[in-house]
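Student: Residue numbers (my numbering): 12 to 85. For glycine and all other residues, C-beta sits at the position ideal for the given N, C-alpha and C. So that we are looking at the same thing, I have put the structure below in structure tokens.
Printed below as a string of structure tokens:
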């Protein structure tokens, strides 16, 4: 089972969609980097996982669904 699993992630800043259906899985103990040009969505991806922006899709951490949790509880 993946340690972090993201499926169909969409992120929004107010009415503007910033991520469009992002999918990835990370295994525990793996080392991963996110590369991209300015404005590609690197920071938005991390903010989405931490529940700091409005999202749609699935975010699971160690099997737990994060999408129903508040920022404080993540």
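Determine the burial state of residue 41: buried for a count of at least 16 other Cβ atoms within 10 Å of its Cβ, exposed for fewer.
Tutor: Walking along the chain shown from the start, residue 41 turns up at place 30. Exposed: under 16 other Cβ atoms inside 10 Å.
Student: Should residue 108 and residue 50 be called a contact, given that it needs their Cβ atoms to be closer than 8 Å?
Tutor: Nothing about residue 108 can be reported from this structure: the residues present for the chain run from 12 to 85 only.
Student: Tell me whether residue 59 is buried or exposed, calling it buried when 16 or more other Cβ atoms sit within 10 Å of its Cβ.
Tutor: Position 48 of the chain shown, counted from the first residue, corresponds to residue 59. So residue 59 counts as buried.
Student: Can you look up residue 70 in the DSSP assignment and give me helix, strand or coil?
Tutor: Taking the first residue of the chain shown as position 1, residue 70 is located at position 59. Note: residue 70 maps to strand in three-state DSSP.
Student: Can you have a look at residue 80 and say buried or exposed, based on whether 16 or more other CB atoms are within 10 angstroms of its CB?
Tutor: As a position in the chain shown, residue 80 is number 69, starting the count at 1. Exposed, since its Cβ has fewer than 16 Cβ neighbours within 10 Å.
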